[in-house]
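Enquirer:
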Amino acid sequence: MENKEDIRLMKGNEAFAEAGIQAGCDAYFGYPITPQSEVLEYLSREVPKRSGVVLQAESEVAAINMIYGAAGAGARVMTSSSSPGISLMQEGLSYIAAAELPCLLLNINRGGPGLGTIQPSQGDYFQATKGGGHGDYYLIVLAPSSVQEMADFVFLGFELADKYRNPVMMLSDGAIGQMMEKVIFRKRDVKKIKKPWATTGKTKDRARNIITSLFIKPEKMEEVNNKLKEKYEEINKNEVRYQEILTEDAEYLLVAYGLSARISHKTVELAREQGYKVGLLRPITLYPFPSKRIYELSQNLKGAMTLEMNSGQMVEDVRLAVEGKIPVHYYGRMGGIIPSPDEALEQLEIFIKQNN
Amino acid sequence: MSDKDLLSKDKNIEEMVLESPQGDKIPEDYQLVYEKPTTLTDTRFHYCPGCGHSTVHKLLGEVFQELDIQENTIGVAPVGCSVFAYDYLDIDMQEAAHGRATAVATGIKRMLPDKYVFTYQGDGDLAAIGTAETIHTINRGEAILIVFINNAVYGMTSGQMAPTTLPGMKTTTSPYGRDISLVGSPMKMCELIAPLPGAFYVTRQSVHTAGNVRKTKKALINGFKYQKYRKGTSFVEIISNCPSNWKMTPLQSNKFIETDMLEYYPLGDVKVPSREEIKELDAKEGNK
Numbered sequence: 001m002e003n004k005e006d007i008r009l010m011k012g013n014e015a016f017a018e019a020g021i022q023a024g025c026d027a028y029f030g031y032p033i034t035p036q037s038e039v040l041e042y043l044s045r046e047v048p049k050r051s052g053v054v055l056q057a058e059s060e061v062a063a064i065n066m067i068y069g070a071a072g073a074g075a076r077v078m079t080s081s082s083s084p085g086i087s088l089m090q091e092g093l094s095y096i097a098a099a100e101l102p103c104l105l106l107n108i109n110r111g112g113p114g115l116g117t118i119q120p121s122q123g124d125y126f127q128a129t130k131g132g133g134h135g136d137y138y139l140i141v142l143a144p145s146s147v148q149e150m151a152d153f154v155f156l157g158f159e160l161a162d163k164y165r166n167p168v169m170m171l172s173d174g175a176i177g178q179m180m181e182k183v184i185f186r187k188r189d190v191k192k193i194k195k196p197w198a199t200t201g202k203t204k205d206r207a208r209n210i211i212t213s214l215f216i217k218p219e220k221m222e223e224v225n226n227k228l229k230e231k232y233e234e235i236n237k238n239e240v241r242y243q244e245i246l247t248e249d250a251e252y253l254l255v256a257y258g259l260s261a262r263i264s265h266k267t268v269e270l271a272r273e274q275g276y277k278v279g280l281l282r283p284i285t286l287y288p289f290p291s292k293r294i295y296e297l298s299q300n301l302k303g304a305m306t307l308e309m310n311s312g313q314m315v316e317d318v319r320l321a322v323e324g325k326i327p328v329h330y331y332g333r334m335g336g337i338i339p340s341p342d343e344a345l346e347q348l349e350i351f352i353k354q355n356n
Numbered sequence: 357m358s359d360k361d362l363l364s365k366d367k368n369i370e371e372m373v374l375e376s377p378q379g380d381k382i383p384e385d386y387q388l389v390y391e392k393p394t395t396l397t398d399t400r401f402h403y404c405p406g407c408g409h410s411t412v413h414k415l416l417g418e419v420f421q422e423l424d425i426q427e428n429t430i431g432v433a434p435v436g437c438s439v440f441a442y443d444y445l446d447i448d449m450q451e452a453a454h455g456r457a458t459a460v461a462t463g464i465k466r467m468l469p470d471k472y473v474f475t476y477q478g479d480g481d482l483a484a485i486g487t488a489e490t491i492h493t494i495n496r497g498e499a500i501l502i503v504f505i506n507n508a509v510y511g512m513t514s515g516q517m518a519p520t521t522l523p524g525m526k527t528t529t530s531p532y533g534r535d536i537s538l539v540g541s542p543m544k545m546c547e548l549i550a551p552l553p554g555a556f557y558v559t560r561q562s563v564h565t566a567g568n569v570r571k572t573k574k575a576l577i578n579g580f581k582y583q584k585y586r587k588g589t590s591f592v593e594i595i596s597n598c599p600s601n602w603k604m605t606p607l608q609s610n611k612f613i614e615t616d617m618l619e620y621y622p623l624g625d626v627k628v629p630s631r632e633e634i635k636e637l638d639a640k641e642g643n644k
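The following block contains the structure:
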């Protein structure tokens, strides 16, 4: 295995695109938007040399509906966009979730609301983890914190999407999308499962396949809702992923994902140098959220703090997780400003002092 | 022509029995002259009496059967009265979000380029909320068939003004008649999209007389056949009726098509490949 490693220096966006090709993505439909246009550019350059379909759609609205059609036809498909474009895709995502179509999408989160800024942000946490569009549904949300993970989570994302017939979102940000890091592409066996439900033409040996999100009878709609609910429970049971750093003896816990988690890692080191017993929990899956683990950890904690590049969104999930057992503080920056490890430490110290 | 005249042309109409007294069995001395296409399900159409959707669905069923493409056809249903098209057409289908049928069809066709793909869309779906997708899909020349049912009104939501509602025509959202100085003129989609290089075959037909129904069927056959050339999009607009929302009897609505609709939306081919071109393409197909 090791001798087949392919090591490259790449932008996060490019790593995502390359991983898509390597993961056997049959088609990418997308629309340019900063700061993720490199995905479409990379694929437009590389796919014709290899295999697959890449198509620049007339809008994000069209792109997500092309994804719907192609996924419904049984293909492995992905798209990417940034916050305002992801908003435009929400209707389509709701339909995709209802029709249970597997697909992978990447949100390179930028500052908002509105047209906002093209700088990195984590302001789309609520949108990503609470459904996003209309109706009762969830995306599986993966939060990469490095260029390596921008590649690795593509393989994982496709697997999870197929396994649960559910859309998977990689929620990243403008910094991880734009920065260059070393990324290793391991040789992998890409497995594609059969999709007997896909609309590939009704052969004589089966009834017709219908891809739809329309369930006009209340009893049927509720049946579908219950089926989805069971699926989400299953996902919560099986797919929670997180990383822990120095949590064994921690009195205080930092909770952060993506770019904030990298900053928090440094903050933990600085805090330890100053004698504070601080650990870090980095949710890798934002949905399902590692609530259970955070609750377990809270038994031995004096407090927790989230570091977010938003006005305090994930902090709500952490507070729910600890069930009021410990105080949970939030610190964050917005507008595309990235908090430094030092200022996070400063805030943590204030919190610890107030708490003691 | 009055309603009575129209009726008198087919005097047997009132005497017609809808259900066969023989049940499913056909007596031996009967000659079978018509039967339901095998490509339609047994589900009863939910459409209002006299609605053109039923006619077009039946035509599609006949076309699937006659071209023997049931196994190789994937349809896309829109949001509108025909949202349940997949309940009736016995083929694989996808139900698209409002206006996005051609984007969905693009996704399907790009993945399954050898299959026959069509969308079935109403005027609100295709010419209002889905205008961008319609134009760009045709501009890309996606080798699909777009079946466009134009009945000048939003049927499913019960009679609101459509982008194709005639000037002066009353609907629930144009209760004083469509005022083109305020809301613009009805859109002639065939004429709008025909200049796009990606448009291969553009025609406007109707289903208000038996003769026109036959012509519509021919157009649909063309629309499916032409897909194999991969030379562009086929667009078949079908002027249809909506007796319920036009507040007319089915016969009155057919007459309204003749007197009013066709004046604004003239029937006929807007863009057709030449015979030589078809010959050439067929020869190429044959060589493969």
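Protein chains in written order, with the numbering used here: chain Y, 1 to 356; chain H, 357 to 644.
Where a beta carbon is used, it is the ideal one built from N, C-alpha and C, also for glycine.
1) Relative to chain Y, which residues along the stretch 481 to 501 of chain H have a C-beta separation below 7 Å, given in chain order?
2) From H/GLU422 to Y/GLY12, what does the alpha carbon distance come to, in whole angstroms?
3) Residues of the stretch 449 to 462 of chain H with a CB closer than 7 Å to any CB of chain Y: list them in chain order, please.
4) Give the list of continuous alpha helix (DSSP H) stretches no shorter than 4 residues that lie fully inside the stretch 431 to 494 of chain H.
5) Any beta-carbon of chain Y closer than 7 Å to the one on H/ARG466?
6) DSSP three-state label for H/GLU632, please.
7) Would you check if the distance between the CB atom of Y/HIS329 and the CB atom of Y/MET314 is smaller than 7 Å?
8) Could you pull the DSSP bridge partners for H/ASP424 from this structure?
9) Can you tell me which of the three DSSP states Y/VAL39 falls into?
10) If we define contact as Cβ-Cβ less than 7 Å, is H/ASP446 a contact residue for chain Y?
11) Please compile the residues from chain Y whose C-beta is within a distance smaller than 9 Å of the C-beta of H/VAL503.
12) Starting from H/VAL439, find everything on chain Y with Cβ-Cβ shorter than 8 Å and list it in chain order.
13) Using a Cβ-Cβ cutoff of 7 Å, what residues of the stretch 70 to 85 of chain Y are near chain H? List them in chain order.
14) Out of curiosity, what's the CA-to-CA distance linking H/THR528 and H/GLY515?
15) Are any of the Cβ atoms in chain Y nearer than 7 Å to that of H/TYR442?
16) List, in order along the chain, the chain A residues whose C-beta lies closer than 7 Å to that of Y/ASP26?
17) Answer with buried or exposed for Y/PRO218, where buried requires no fewer than 16 other C-beta atoms within 10 angstroms of its C-beta.
18) Can you tell me which residues form a DSSP beta bridge with Y/HIS329?
19) Within 7 Å (strictly less), CB to CB, does Y/LYS202 reach chain H?
20) Any chance the stretch 117 to 125 of chain Y sits against the stretch 94 to 101 of chain Y, with 3 or more Cβ pairs inside 8 Å?
21) Are the beta-carbon atoms of Y/VAL183 and Y/MET10 separated by less than 7 Å?
22) Taking all protein chains shown into account, decide if Y/ASP189 is buried (16 or more other Cβ within 10 angstroms of its Cβ) or exposed.
23) Taking the CB atoms as reference points, tell me whether H/GLU498 and H/ARG456 lie closer together than 7 Å.
24) So which of Y/VAL268, Y/GLU239 and Y/PHE185 has the shortest CA-CA distance to Y/LYS292?
25) Where do the N-terminal and C-terminal ends of the alpha helix (DSSP H) with Y/GLY85 fall, by residue?
26) Give me the Cα-Cα distance between Y/LEU139 and H/THR462, rounded to the nearest whole angstrom.
27) Which bits of chain Y does H/GLN583 rub up against, with CB to CB less than 7 Å?
28) Given that Y/SER59 touches chain H, what residues does it touch there, using C-beta distances under 8 Å?
29) Per DSSP, which one or two residues make a beta bridge with Y/LYS194?
30) Name, please, each residue of chain Y whose Cβ falls closer than 8 Å to the Cβ of H/LYS640.
31) Can you tell me whether Y/GLY74 is buried or exposed? The criterion is at least 16 other CB atoms within 10 Å of its CB, across all chains shown.
32) Would you report the Cα separation of H/ALA441 and H/LYS581, rounded to the nearest angstrom?
33) Throw me the rounded Cβ distance for the Y/SER145 and Y/ALA17 pair, which I believe falls under 8 Å.
34) Taking the alpha-carbon positions, what's the Y/ILE193 to H/LYS381 distance?
35) Look at Y/GLY112 and Y/SER83 and say whether their C-beta atoms are less than 7 Å apart.
36) Check whether chain Y comes within 7 Å of H/GLU418, counting only Cβ atoms and requiring the distance to be less than that.
Expert: A quick look at the data gives this:
1) ALA488, GLU489 and HIS492
2) Between the alpha carbons of H/GLU422 and Y/GLY12 lies a distance of about 52 Å.
3) MET449, GLN450, GLU451, ALA452, ALA453, ARG456, ALA459, VAL460, ALA461 and THR462
4) 441 to 444 and 457 to 467
5) Proximity of H/ARG466 to chain Y, defined by a Cβ-Cβ separation below 7 Å, is satisfied.
6) helix
7) no
8) In DSSP, H/ASP424 forms no bridge with anything.
9) Y/VAL39 falls in the helix class under three-state DSSP.
10) yes
11) Those within 9 Å of H/VAL503 in chain Y number zero; the least Cβ separation is about 16 Å.
12) LEU214
13) In summary, the residues of the stretch 70 to 85 of chain Y whose CB is separated from some CB of chain H by less than 7 Å are ALA70, GLY72, ALA73 and ALA75, in the order they occur in the chain.
14) One alpha carbon belongs to H/THR528, the other to H/GLY515, and they sit about 6 Å apart.
15) yes
16) The question asks about chain A, but that chain is absent: this structure's protein chains are Y and H.
17) exposed
18) Y/MET305
19) yes
20) no
21) It is a contact, given that the beta carbons lie within the stated cut-off.
22) exposed
23) no
24) Y/GLU239
25) 83 to 98
26) 24 Å
27) None at all; the shortest Cβ gap to chain Y is about 13 Å.
28) ALA488
29) DSSP, once it has assigned bridges, lists no residue as partnering Y/LYS194.
30) Correct list: empty, because the minimum Cβ distance to chain Y is about 23 Å.
31) buried
32) 21 Å
33) Y/SER145 to Y/ALA17, Cβ: 19 Å. No contact.
34) 46 Å
35) yes
36) Output row for H/GLU418: interface = no.
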